[in-house]
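Visitor: Here it is: the structure, laid out below.
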Amino acid sequence: MSARTNIADEEDWSDLDESSMIKIDGGIDEHDETSGLELKNNKSNKDFQKSEQQVNGSSTKILSTKRGVCKQAPPPLIQFCRSRYLCVTDITQQLWCEQQLQYRMMGVEPGLTDMQEIEAGDVPLSVKDKEEVKKGKSLHYARELETHDVVDVKISSNTDKWALNILNLLVAMRGFFSGIAKAREVPIFGDLGTGDMLFGIIDELHFDEKTYSLHLLELKTRKSTRLPGVAQAKQNALQVQIYKRLWDNLVKGNMSADFFLKKLCLEDSADLPLSDEIIKHMDQLPMSTVSLRNLFSLLLSTAQSLVCIGSMSIEYVHQDTHDLIGHVEVKEEEDWMWQTVLHSLEFWHGQRECEGVEVEEAWKCGMCEYGNICEWRRKKISSHIQK
Numbered sequence: 030m031s032a033r034t035n036i037a038d039e040e041d042w043s044d045l046d047e048s049s050m051i052k053i054d055g056g057i058d059e060h061d062e063t064s065g066l067e068l069k070n071n072k073s074n075k076d077f078q079k080s081e082q083q084v085n086g087s088s089t090k091i092l093s094t095k096r097g098v099c100k101q102a103p104p105p106l107i108q109f110c111r112s113r114y115l116c117v118t119d120i121t122q123q124l125w126c127e128q129q130l131q132y133r134m135m136g137v138e139p140g141l142t143d144m145q146e147i148e149a150g151d152v153p154l155s156v157k158d159k160e161e162v163k164k165g166k167s168l169h170y171a172r173e174l175e176t177h178d179v180v181d182v183k184i185s186s187n188t189d190k191w192a193l194n195i196l197n198l199l200v201a202m203r204g205f206f207s208g209i210a211k212a213r214e215v216p217i218f219g220d221l222g223t224g225d226m227l228f229g230i231i232d233e234l235h236f237d238e239k240t241y242s243l244h245l246l247e248l249k250t251r252k253s254t255r256l257p258g259v260a261q262a263k264q265n266a267l268q269v270q271i272y273k274r275l276w277d278n279l280v281k282g283n284m285s286a287d288f289f290l291k292k293l294c295l296e297d298s299a300d301l302p303l304s305d306e307i308i309k310h311m312d313q314l315p316m317s318t319v320s321l322r323n324l325f326s327l328l329l330s331t332a333q334s335l336v337c338i339g340s341m342s343i344e345y346v347h348q349d350t351h352d353l354i355g356h357v358e359v360k361e362e363e364d365w366m367w368q369t370v371l372h373s374l375e376f377w378h379g380q381r382e383c384e385g386v387e388v389e390e391a392w393k394c395g396m397c398e399y400g401n402i403c404e405w406r407r408k409k410i411s412s413h414i415q416k
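Under the working numbering, residues 30 to 416 are what the sequence shown spells out, in order.
Here it is, written out as structure tokens:
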């Protein structure tokens, strides 16, 4: 049985929809790893003019108002991520096109023809899912229901949200010890070694009790009946490799409770009893004091009794027929993963400007909903003409 949260106060807890579920008796709630980004209305920035200067090696934006008052604009991690953590899909979307991701973070409406429309503040507060994304979610949910029921859990705090994440992960891990070979929609979080908190949802984990080995499977739905091209395949490969590293770090004990609590600003509530809504789902766990810190300690001790992920693969399925398109094994490329992640994090920390695609991948612009107003594209065209 698994549980999905009903947000108690949508206005006060607008970031709770990213990772709120609980898995009981070996089941787990379906949850798509939507971005931890908080979409902003651009209207409040319409009177500002932007310039840049280098401060301590980081690119820092200075906003100058008509009144002559200046202030430093926060880096994207602070500006768009209220919870101060990144979803793994935020990183992989950068690999496709960082400029596109930035427009989505800003809440820019797809299909605009003039940047003045953005400057006037005529942008929505959210971006609607595309039809193919909805179909992908539907298939994930159908697979989820094959293994468990769904139970709603009402939460009212950030502490509850992360307690649910830990519970889902714990029950998946403990299920492997009791003979359950498969876990679906498994939350995973931690630090790759950069000091940044990342969060993701692993589609499937397969545990072989005989060989004591663990396999990670990622499900991808496609509108086409062919396997993806190189660009999209790289995105997907990066995603599963980050998942593997996050899982392996938990197994190796490479994350402390202090890091977890500090990064998520949960230090003040770490030793307080969890809410009754959470506690009633925890009778299966060996805990006398039910606090977030103790729950995290149990997670670490459980993880260190398991094994690192030994293999990874991606299953491609047609979104309409659900027919199998192909099954691709993914090999770990540690150096490439590190270089890609470190370059991505430079953007989030404001150490460099947003980048779009290079000339070799300009074909992506033809299918981009922001092609008509893309600043990066205009700069590239202008630079090519000047040459």
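Each residue gets a CB set at the ideal place from its N, CA and C atoms; glycine is no exception.
Quick one, are the C-beta atoms of Leu324 and Ile195 less than 8 angstroms apart?
Guide: Taking the sequence shown and counting its residues from 1, the one referred to as residue 324 is at position 295. Taking the sequence shown and counting its residues from 1, the one referred to as residue 195 is at position 166. Yes; because the gap between Cβ atoms is below 8 angstroms, this pair is in contact.
Visitor: Quick one: Cα of Gly282 to Cα of Arg111, how far?
Guide: Residue mapping note: residue 282 aligns to position 253 of the sequence shown, counting from 1. Residue mapping note: residue 111 aligns to position 82 of the sequence shown, counting from 1. Distance between the alpha carbons of Gly282 and Arg111 is about 27 angstroms.
Visitor: Going by C-alpha to C-alpha distance, which of Arg213, Val359 and Tyr345 sits closest to Leu353?
Guide: By one-based count along the sequence shown, residue 353 stands at place 324. Selected option, being the one with the closest Cα: Tyr345.
Visitor: Any idea which residues DSSP pairs His378 with across the strands?
Guide: Position 349 of the sequence shown, counted from the first residue, corresponds to residue 378. The partner list for His378 (beta bridge, DSSP) is empty, contrary to what the question assumes.
Visitor: To the nearest angstrom, how far is it from the Cα of Val137 to the Cα of Asp232?
Guide: Walking along the sequence shown from the start, residue 137 turns up at place 108. Walking along the sequence shown from the start, residue 232 turns up at place 203. So the alpha carbons of these two residues sit roughly 30 angstroms apart.
Visitor: Would you report the Cα separation of Ile57 and Leu193, rounded to the nearest angstrom?
Guide: Stepping through the sequence shown from its first residue, residue 57 is reached at position 28. Stepping through the sequence shown from its first residue, residue 193 is reached at position 164. Its pLDDT being 32, under 50, Ile57 is placed unreliably by the model, and nothing is read from it.
Visitor: Classify Pro104 as buried or exposed, calling it buried when 16 or more other Cβ atoms lie within 10 Å of its own Cβ.
Guide: Residue numbering aside, residue 104 sits at position 75 when the sequence shown is read from its first letter. When all chains shown are included, Pro104 counts as buried.
Visitor: For the ligand ADP, is there any heavy atom lying closer than 7 angstroms to the beta carbon of Ser112?
Guide: As for the ligand ADP, it is missing from this structure, which has no ligand bound.
Visitor: Could you work out which residue in Thr369, Gly400 and Glu387 is closest to Arg133 when comparing CA atoms only?
Guide: Within the sequence shown, numbered from 1, the residue matching residue 133 stands at position 104. That would be Gly400, whose Cα lies nearest to the Cα of Arg133.
Visitor: Rounded to a whole number of angstroms, what is the C-alpha to C-alpha distance between Asn265 and Ile343?
Guide: As a position in the sequence shown, residue 265 is number 236, starting the count at 1. As a position in the sequence shown, residue 343 is number 314, starting the count at 1. Separation of Asn265 and Ile343 (C-alpha to C-alpha, rounded to the nearest whole angstrom) is 8 angstroms.
Visitor: At which residue ranges does the region 185–240 contain complete alpha helix (DSSP H) runs of 4 or more residues, listed in the order of the chain?
Guide: 187–206
Visitor: Could you work out which residue in Gln123, Val269 and Leu321 is closest to Lys16 when comparing CA atoms only?
Guide: Residue 16 lies beyond the stretch modelled for the chain, which goes from 30 to 416, so this question has no answer here.
Visitor: Which first and last residues belong to the beta strand (DSSP E) in which Val137 is found?
Guide: Numbered from 1 along the sequence shown, position 108 holds the residue referred to as residue 137. That residue, Val137, is in no beta strand (DSSP E); it is neither H nor E in DSSP.
Visitor: DSSP beta-bridge partners for Lys343?
Guide: One-based indexing of the sequence shown puts residue 343 at position 314. A small correction: the amino acid at residue 343 is Ile; Lys does not occupy that position in the sequence shown. Per DSSP, Glu247 and Val357.
Visitor: Taking the C-alpha atoms as reference points, what is the distance between Val269 and Asp300?
Guide: Numbered from its first residue, the sequence shown carries residue 269 at position 240. Numbered from its first residue, the sequence shown carries residue 300 at position 271. If I take the Cα positions, the gap works out to 33 angstroms.
Visitor: Taking all protein chains shown into account, decide if Ser285 is buried (16 or more other Cβ within 10 angstroms of its Cβ) or exposed.
Guide: Here residue 285 refers to the residue found at position 256 of the sequence shown. Answer is exposed; the Cβ neighbour count stays below 16.
Visitor: Considering only C-alpha positions, which residue in the set Thr188, Arg203, Leu246 and Ile271 is nearest to Leu314?
Guide: Sequence index remark: in the sequence shown, residue 314 carries index 285 (1-based). Here the closest residue by C-alpha is Arg203.
Visitor: Would Pro216 be called buried (16 or more neighbouring beta carbons within 10 Å of its own) or exposed?
Guide: Walking along the sequence shown from the start, residue 216 turns up at place 187. Result: buried.
Visitor: Just to confirm, is the Cβ distance from Arg251 to Arg213 under 8 angstroms?
Guide: Position 222 of the sequence shown, counting from 1, holds the residue named residue 251. Position 184 of the sequence shown, counting from 1, holds the residue named residue 213. Arg251 is not a Cβ neighbour of Arg213, given a cutoff of 8 angstroms.
Visitor: Using three-state DSSP, classify Pro103 as helix, strand or coil.
Guide: Stepping through the sequence shown from its first residue, residue 103 is reached at position 74. Of the three classes helix, strand and coil, the one that applies to Pro103 here is coil, per DSSP.
Visitor: Mapping the DSSP letters down to three states, classify Cys394 as helix, strand or coil.
Guide: Counted from its first residue, the sequence shown places residue 394 at position 365. DSSP places Cys394 in helix when its eight states are reduced to three.
Visitor: Please list the terminal residues of the continuous alpha helix (DSSP H) segment that includes Ala22.
Guide: Examination of residue 22 is not possible in this model, given that the chain is present from 30 through 416 alone.
Visitor: Candidates Gln131, Asp237, Val180 and Gly224: which alpha carbon is nearest Leu275's?
Guide: For the purposes of this step, residue 275 is identified with residue 246 of the sequence shown, where counting begins at 1. Comparing Cα positions, the closest option is Gly224.
Visitor: Of the choices Trp191, Asn197 and Gln108, whose alpha-carbon is the least far from that of Val180?
Guide: Indexing the sequence shown from 1 puts residue 180 at position 151. Minimum Cα distance to Val180 is reached at Asn197.
Visitor: Closer than 6 angstroms by C-beta to His255: which residues in its own chain qualify, once you throw out the five before and the five after it? Chain order, please.
Guide: Here residue 255 refers to the residue found at position 226 of the sequence shown. A quick correction: the sequence has Arg, not His, at residue 255. Annotation for Arg255: no residue places its beta carbon closer than 6 angstroms to its own, counting only its chain and skipping 5 residues before and after.
Visitor: For Ile120, which option in Glu398, Glu389 and Glu375 has the closest C-alpha, if you only look at C-alpha atoms?
Guide: The residue labelled residue 120 in the question sits at position 91 within the sequence shown. The residue with the shortest Cα to Cα distance from Ile120 is Glu375.
Visitor: Under DSSP, the alpha helix (DSSP H) around Asn283 begins and ends at which residues?
Guide: Position 254 of the sequence shown, counted from the start, is the residue given in the question as residue 283. Segment: none, Asn283 is in no alpha helix (DSSP H) and carries neither H nor E.
Visitor: What is the DSSP secondary structure of Leu275, counted as helix, strand or coil?
Guide: Within the sequence shown, the letter at position 246 stands for residue 275. Three-state result, Leu275: helix.
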